[in-house]
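Here is the structure we will look at.
Numbering (the numbering used here), first residue to last: 167 to 451.
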(Lines of atoms letter the chains of each structure in order from A; the text may use other names.)
(Lines give C-alpha, C1' and ligand atoms only; values in the text may rest on other atoms or scores of the structure.)
Protein backbone atom coordinates (compact mmCIF):
# COMPACT_ATOMS: atom_id res chain seq x y z
CA UNK A 167 0.00 0.00 0.00
CA UNK A 168 2.87 2.37 0.77
CA UNK A 169 4.49 1.65 -2.59
CA UNK A 170 1.23 2.29 -4.42
CA UNK A 171 0.88 5.57 -2.56
CA UNK A 172 4.34 6.65 -3.69
CA UNK A 173 3.74 5.57 -7.28
CA UNK A 174 0.45 7.41 -7.68
CA UNK A 175 1.70 10.65 -6.13
CA UNK A 176 2.78 12.51 -9.32
CA UNK A 177 -0.60 11.97 -10.98
CA UNK A 178 -2.55 12.95 -7.87
CA UNK A 179 -0.52 16.12 -7.37
CA UNK A 180 -0.98 17.36 -10.93
CA UNK A 181 -4.71 16.66 -11.11
CA UNK A 182 -5.33 17.85 -7.54
CA UNK A 183 -3.72 21.24 -8.10
CA UNK A 184 -5.89 21.92 -11.15
CA UNK A 185 -9.05 20.92 -9.27
CA UNK A 186 -8.16 23.21 -6.33
CA UNK A 187 -7.51 26.17 -8.63
CA UNK A 188 -10.70 25.76 -10.62
CA UNK A 189 -12.79 25.22 -7.51
CA UNK A 190 -11.53 28.41 -5.85
CA UNK A 191 -12.08 30.43 -9.01
CA UNK A 192 -15.61 29.09 -9.47
CA UNK A 193 -16.43 30.00 -5.85
CA UNK A 194 -15.17 33.55 -6.53
CA UNK A 195 -17.43 33.77 -9.58
CA UNK A 196 -20.44 32.53 -7.61
CA UNK A 197 -19.88 35.13 -4.88
CA UNK A 198 -19.48 37.89 -7.47
CA UNK A 199 -22.63 36.76 -9.29
CA UNK A 200 -24.64 36.97 -6.05
CA UNK A 201 -23.36 40.51 -5.48
CA UNK A 202 -24.43 41.58 -8.97
CA UNK A 203 -27.91 40.07 -8.58
CA UNK A 204 -28.36 41.59 -5.13
CA UNK A 205 -27.64 45.08 -6.40
CA UNK A 206 -29.63 44.67 -9.62
CA UNK A 207 -32.70 43.34 -7.77
CA UNK A 208 -32.72 45.87 -4.94
CA UNK A 209 -35.82 48.09 -5.03
CA UNK A 210 -34.14 51.08 -3.39
CA UNK A 211 -30.42 51.60 -3.62
CA UNK A 212 -28.19 54.57 -3.20
CA UNK A 213 -26.44 56.17 -6.19
CA UNK A 214 -22.92 55.03 -5.16
CA UNK A 215 -24.09 51.43 -4.95
CA UNK A 216 -25.75 51.58 -8.36
CA UNK A 217 -22.49 52.92 -9.78
CA UNK A 218 -20.72 49.78 -8.61
CA UNK A 219 -22.94 47.50 -10.72
CA UNK A 220 -21.08 47.90 -14.07
CA UNK A 221 -17.75 47.36 -12.30
CA UNK A 222 -18.98 44.20 -10.62
CA UNK A 223 -20.42 42.92 -13.89
CA UNK A 224 -17.10 43.47 -15.66
CA UNK A 225 -15.26 41.64 -12.88
CA UNK A 226 -17.76 38.76 -13.10
CA UNK A 227 -17.27 38.55 -16.88
CA UNK A 228 -13.50 38.52 -16.40
CA UNK A 229 -13.64 35.72 -13.83
CA UNK A 230 -16.03 33.73 -16.05
CA UNK A 231 -13.58 34.02 -18.95
CA UNK A 232 -10.73 32.96 -16.66
CA UNK A 233 -12.71 29.87 -15.63
CA UNK A 234 -13.36 28.90 -19.25
CA UNK A 235 -9.71 29.41 -20.20
CA UNK A 236 -8.48 27.57 -17.10
CA UNK A 237 -10.75 24.61 -17.83
CA UNK A 238 -9.39 24.35 -21.37
CA UNK A 239 -5.76 24.74 -20.27
CA UNK A 240 -6.27 22.18 -17.51
CA UNK A 241 -7.57 19.56 -19.94
CA UNK A 242 -4.64 20.10 -22.32
CA UNK A 243 -1.97 20.29 -19.60
CA UNK A 244 -3.23 17.34 -17.56
CA UNK A 245 -3.36 15.24 -20.73
CA UNK A 246 0.20 16.14 -21.69
CA UNK A 247 1.59 15.63 -18.19
CA UNK A 248 -0.27 12.35 -17.75
CA UNK A 249 1.36 11.10 -20.93
CA UNK A 250 4.78 12.04 -19.56
CA UNK A 251 4.04 10.16 -16.35
CA UNK A 252 2.83 7.07 -18.22
CA UNK A 253 5.65 7.00 -20.76
CA UNK A 254 8.68 8.42 -18.97
CA UNK A 255 8.20 8.48 -15.18
CA UNK A 256 6.24 5.30 -14.54
CA UNK A 257 6.27 3.29 -17.78
CA UNK A 258 4.97 -0.24 -17.97
CA UNK A 259 8.39 -1.39 -19.21
CA UNK A 260 11.65 0.18 -17.96
CA UNK A 261 13.86 2.06 -20.42
CA UNK A 262 17.31 1.09 -19.14
CA UNK A 263 19.16 2.82 -21.99
CA UNK A 264 17.50 6.11 -21.10
CA UNK A 265 18.25 5.58 -17.39
CA UNK A 266 21.95 4.91 -18.08
CA UNK A 267 22.11 7.99 -20.32
CA UNK A 268 20.76 10.10 -17.44
CA UNK A 269 23.38 8.71 -15.07
CA UNK A 270 26.11 9.27 -17.68
CA UNK A 271 25.20 12.95 -18.05
CA UNK A 272 25.02 13.35 -14.27
CA UNK A 273 28.39 11.65 -13.72
CA UNK A 274 30.11 13.61 -16.48
CA UNK A 275 28.76 16.85 -15.07
CA UNK A 276 30.14 16.07 -11.61
CA UNK A 277 33.45 14.81 -13.03
CA UNK A 278 33.88 18.04 -15.01
CA UNK A 279 33.80 19.91 -11.68
CA UNK A 280 36.27 17.44 -10.13
CA UNK A 281 33.78 16.37 -7.47
CA UNK A 282 33.24 12.76 -8.60
CA UNK A 283 35.55 9.96 -9.77
CA UNK A 284 35.94 6.18 -9.96
CA UNK A 285 32.27 5.52 -10.79
CA UNK A 286 31.52 1.82 -11.16
CA UNK A 287 29.41 0.14 -13.79
CA UNK A 288 25.67 0.35 -13.08
CA UNK A 289 24.32 -3.05 -12.04
CA UNK A 290 20.62 -3.67 -12.70
CA UNK A 291 19.10 -6.63 -10.84
CA UNK A 292 16.05 -8.76 -11.44
CA UNK A 293 12.73 -7.06 -10.64
CA UNK A 294 11.15 -7.32 -7.21
CA UNK A 295 7.43 -7.01 -7.95
CA UNK A 296 7.27 -3.70 -9.88
CA UNK A 297 10.74 -2.34 -8.99
CA UNK A 298 14.23 -3.01 -10.35
CA UNK A 299 17.22 -2.72 -7.96
CA UNK A 300 19.97 -0.42 -9.30
CA UNK A 301 23.41 -0.61 -7.65
CA UNK A 302 26.64 1.31 -8.25
CA UNK A 303 29.47 2.99 -6.33
CA UNK A 304 31.70 6.03 -6.72
CA UNK A 305 34.08 8.39 -4.93
CA UNK A 306 32.59 11.82 -4.43
CA UNK A 307 33.29 15.18 -2.78
CA UNK A 308 30.69 16.45 -0.30
CA UNK A 309 29.40 18.97 -2.88
CA UNK A 310 28.91 16.20 -5.41
CA UNK A 311 27.19 14.02 -2.84
CA UNK A 312 24.69 16.80 -2.12
CA UNK A 313 23.91 17.07 -5.84
CA UNK A 314 23.51 13.31 -6.19
CA UNK A 315 21.10 13.20 -3.25
CA UNK A 316 19.15 16.09 -4.77
CA UNK A 317 18.92 14.09 -8.00
CA UNK A 318 17.40 11.12 -6.14
CA UNK A 319 14.85 13.39 -4.45
CA UNK A 320 13.84 14.99 -7.74
CA UNK A 321 13.61 11.75 -9.76
CA UNK A 322 9.94 11.03 -10.46
CA UNK A 323 8.78 14.66 -10.06
CA UNK A 324 7.39 16.61 -12.98
CA UNK A 325 6.15 20.06 -11.95
CA UNK A 326 6.98 22.90 -9.59
CA UNK A 327 4.02 21.85 -7.43
CA UNK A 328 5.49 18.35 -7.11
CA UNK A 329 8.64 19.85 -5.57
CA UNK A 330 6.63 21.66 -2.87
CA UNK A 331 5.28 19.94 0.22
CA UNK A 332 1.51 19.95 0.85
CA UNK A 333 2.12 22.43 3.67
CA UNK A 334 4.12 24.79 1.42
CA UNK A 335 1.45 24.72 -1.28
CA UNK A 336 -1.31 25.25 1.28
CA UNK A 337 0.43 28.33 2.73
CA UNK A 338 0.70 29.93 -0.72
CA UNK A 339 -2.91 29.05 -1.60
CA UNK A 340 -4.18 30.41 1.73
CA UNK A 341 -2.25 33.67 1.31
CA UNK A 342 -3.65 34.00 -2.22
CA UNK A 343 -7.22 33.48 -0.93
CA UNK A 344 -6.67 36.23 1.62
CA UNK A 345 -5.14 38.83 -0.67
CA UNK A 346 -6.17 38.17 -4.27
CA UNK A 347 -8.56 35.24 -4.95
CA UNK A 348 -8.37 35.71 -8.73
CA UNK A 349 -4.60 35.25 -8.46
CA UNK A 350 -5.24 31.54 -7.91
CA UNK A 351 -5.01 31.05 -11.69
CA UNK A 352 -1.49 32.53 -11.81
CA UNK A 353 -0.53 30.45 -8.78
CA UNK A 354 -1.97 27.29 -10.34
CA UNK A 355 -0.05 27.95 -13.55
CA UNK A 356 3.14 28.34 -11.52
CA UNK A 357 2.47 25.06 -9.67
CA UNK A 358 1.92 23.23 -12.96
CA UNK A 359 5.07 24.62 -14.61
CA UNK A 360 7.43 21.92 -15.81
CA UNK A 361 10.22 21.57 -13.25
CA UNK A 362 13.09 21.64 -15.77
CA UNK A 363 11.62 24.66 -17.60
CA UNK A 364 11.45 26.42 -14.23
CA UNK A 365 15.03 25.49 -13.29
CA UNK A 366 16.46 26.74 -16.59
CA UNK A 367 14.84 30.17 -16.14
CA UNK A 368 13.53 30.37 -12.59
CA UNK A 369 13.62 34.16 -12.35
CA UNK A 370 11.21 34.78 -15.23
CA UNK A 371 8.74 32.16 -13.96
CA UNK A 372 8.78 33.64 -10.47
CA UNK A 373 8.46 37.23 -11.69
CA UNK A 374 5.55 36.25 -13.94
CA UNK A 375 3.67 34.95 -10.90
CA UNK A 376 4.53 37.94 -8.71
CA UNK A 377 3.06 40.34 -11.27
CA UNK A 378 -0.35 39.12 -10.07
CA UNK A 379 0.40 40.18 -6.48
CA UNK A 380 1.22 43.53 -4.92
CA UNK A 381 1.25 42.55 -1.25
CA UNK A 382 4.64 42.50 0.44
CA UNK A 383 3.35 39.72 2.72
CA UNK A 384 2.74 37.37 -0.23
CA UNK A 385 6.05 38.29 -1.88
CA UNK A 386 7.89 37.64 1.38
CA UNK A 387 6.20 34.25 1.88
CA UNK A 388 6.83 33.30 -1.74
CA UNK A 389 10.53 34.23 -1.60
CA UNK A 390 10.96 32.31 1.64
CA UNK A 391 9.30 29.23 0.14
CA UNK A 392 11.53 29.37 -2.94
CA UNK A 393 14.60 29.29 -0.69
CA UNK A 394 13.49 26.75 1.92
CA UNK A 395 11.78 24.17 -0.32
CA UNK A 396 13.14 21.47 -2.61
CA UNK A 397 12.99 24.05 -5.42
CA UNK A 398 16.29 25.48 -4.19
CA UNK A 399 17.92 22.08 -4.70
CA UNK A 400 16.32 21.87 -8.15
CA UNK A 401 17.88 25.18 -9.20
CA UNK A 402 21.31 24.17 -7.86
CA UNK A 403 21.21 20.74 -9.50
CA UNK A 404 20.30 22.03 -12.96
CA UNK A 405 22.58 25.08 -12.96
CA UNK A 406 25.43 25.18 -15.45
CA UNK A 407 25.59 22.67 -18.29
CA UNK A 408 23.77 19.79 -16.58
CA UNK A 409 20.24 21.13 -17.00
CA UNK A 410 20.86 22.18 -20.60
CA UNK A 411 22.37 18.79 -21.49
CA UNK A 412 19.41 16.97 -19.95
CA UNK A 413 17.11 19.17 -22.02
CA UNK A 414 19.14 18.86 -25.24
CA UNK A 415 19.19 15.05 -25.02
CA UNK A 416 15.47 14.79 -24.12
CA UNK A 417 16.23 13.05 -20.83
CA UNK A 418 13.62 14.89 -18.79
CA UNK A 419 11.60 13.96 -16.80
CA UNK A 420 13.57 11.44 -14.77
CA UNK A 421 11.99 8.05 -14.04
CA UNK A 422 10.72 7.23 -10.57
CA UNK A 423 13.73 6.28 -8.44
CA UNK A 424 13.56 5.62 -4.70
CA UNK A 425 16.62 5.36 -2.47
CA UNK A 426 16.83 1.92 -0.85
CA UNK A 427 20.23 2.15 0.87
CA UNK A 428 23.40 4.21 0.87
CA UNK A 429 26.71 3.32 2.48
CA UNK A 430 29.25 6.09 3.12
CA UNK A 431 32.92 5.53 3.91
CA UNK A 432 35.73 8.00 4.45
CA UNK A 433 37.48 8.84 1.20
CA UNK A 434 41.13 9.26 0.39
CA UNK A 435 41.10 13.05 0.82
CA UNK A 436 39.38 15.59 3.10
CA UNK A 437 35.63 15.98 2.37
CA UNK A 438 35.66 12.97 0.03
CA UNK A 439 33.53 9.86 0.54
CA UNK A 440 33.35 6.42 -0.97
CA UNK A 441 29.67 5.82 -1.71
CA UNK A 442 27.81 2.60 -2.43
CA UNK A 443 24.16 3.06 -3.26
CA UNK A 444 21.13 1.01 -4.19
CA UNK A 445 18.07 2.57 -5.78
CA UNK A 446 14.77 1.08 -6.93
CA UNK A 447 13.51 1.93 -10.42
CA UNK A 448 9.71 1.70 -10.40
CA UNK A 449 7.38 0.70 -13.21
CA UNK A 450 3.60 0.78 -13.50
CA UNK A 451 1.40 -2.32 -13.34
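For each residue, glycine too, the CB sits at the ideal point set by N, CA and C.
Between residue 269 and residue 288, is the Cβ-Cβ spacing less than 8 Å? Against a cut-off of 8 Å, the Cβ pair of residue 288 and residue 269 comes out as a contact.
Under 6 Å Cβ to Cβ from residue 345, same chain only, skipping five residues before and after it: list those, please. Within the same chain, residue 345 has close Cβ partners 381 and 384.
Nonlocal neighbours in the same chain, by C-beta distance under 7 Å from residue 349, ignoring five residues either side: The residues are 342, 378 and 379.
Within 8 Å, strictly: CB atoms of residue 148 and residue 432: Lying before the first or after the last residue shown, residue 148 is absent from the chain, which here runs from 167 to 451.
Measure the alpha-carbon distance for residue 411 versus residue 340 and round it to whole angstroms. Distance from the CA atom of residue 411 to the CA atom of residue 340, rounded to whole angstroms, is 37 Å.
Considering only C-alpha positions, which residue in the set 273, 271, 278 and 298 is nearest to residue 258? Among 273, 271, 278 and 298, the Cα nearest to that of residue 258 is on 298.
Between the Cα of residue 441 and the Cα atoms of 408, 290, 310 and 263, which residue gives the shortest distance? For the set 408, 290, 310 and 263, the Cα lying nearest the Cα of residue 441 is the one of 310.
Grouping DSSP H, G and I as helix and E and B as strand, with all else coil, what is residue 269? The answer is helix: DSSP assigns residue 269 an H, G or I state.
Where do the N-terminal and C-terminal ends of the alpha helix (DSSP H) with residue 383 fall, by residue? Judged by DSSP secondary structure, residue 383 falls within the alpha helix (DSSP H) whose first and last residues are 382-394.
With distance defined between alpha-carbon atoms, name the residue in 445, 419, 329 and 316 nearest to residue 425. With distances taken between CA atoms, residue 425 lies nearest to 445 out of 445, 419, 329 and 316.
Use the C-beta contact count for residue 336: other C-beta atoms within 10 angstroms, 16 or more gives buried, fewer gives exposed. The residue is exposed, with fewer than 16 neighbouring Cβ atoms inside 10 Å.
Exposure label - residue 397; buried when at least 16 CB within 10 Å: Answer is buried; the Cβ neighbour count reaches 16.
Where in the region 258-340 do unbroken runs of the beta strand (DSSP E), each at least 3 residues long, occur, reported from the N-terminal end onward? Entirely contained in the region 258-340, the beta strand (DSSP E) runs reaching 3 residues are, in chain order, 297-307.
Less than 8 Å between the CB atoms is what I'm expecting for residue 302 and residue 285, so what's the real figure, rounded? Right, the Cβ-Cβ distance comes to about 7 Å (below 8 Å), so this counts as a contact.
Out of 351, 401 and 293, which has the shortest C-alpha to C-alpha gap to residue 317? Restricting attention to 351, 401 and 293, the CA atom closest to the CA of residue 317 is found in 401.
Nearest-angstrom Cα separation, counted from residue 439 out to residue 334: Roughly 33 Å between the two C-alpha positions.
Using 8 Å for Cβ pairs, my map puts residue 449 next to residue 256. What's the rounded Cβ distance? That pair is a contact at about 7 Å.
Using DSSP with H/G/I as helix, E/B as strand and the rest coil, what is residue 256? Residue state for residue 256 is assigned as coil, using DSSP reduced to three classes.
Hey, how far is the Cα of residue 376 from the Cα of residue 368? Cα to Cα, the separation comes out at about 12 Å.
Residue 369: first and last residue of the uninterrupted alpha helix (DSSP H) it sits in: Under the DSSP assignment, residue 369 falls in the alpha helix (DSSP H) whose first and last residues are 368-376.
Taking only three categories from DSSP, how would you classify residue 417? The DSSP-derived three-state label of residue 417 is coil.
For residue 362 and residue 414, the rounded distance between their alpha carbons: Their backbone Cα atoms lie some 12 Å apart in a straight line.
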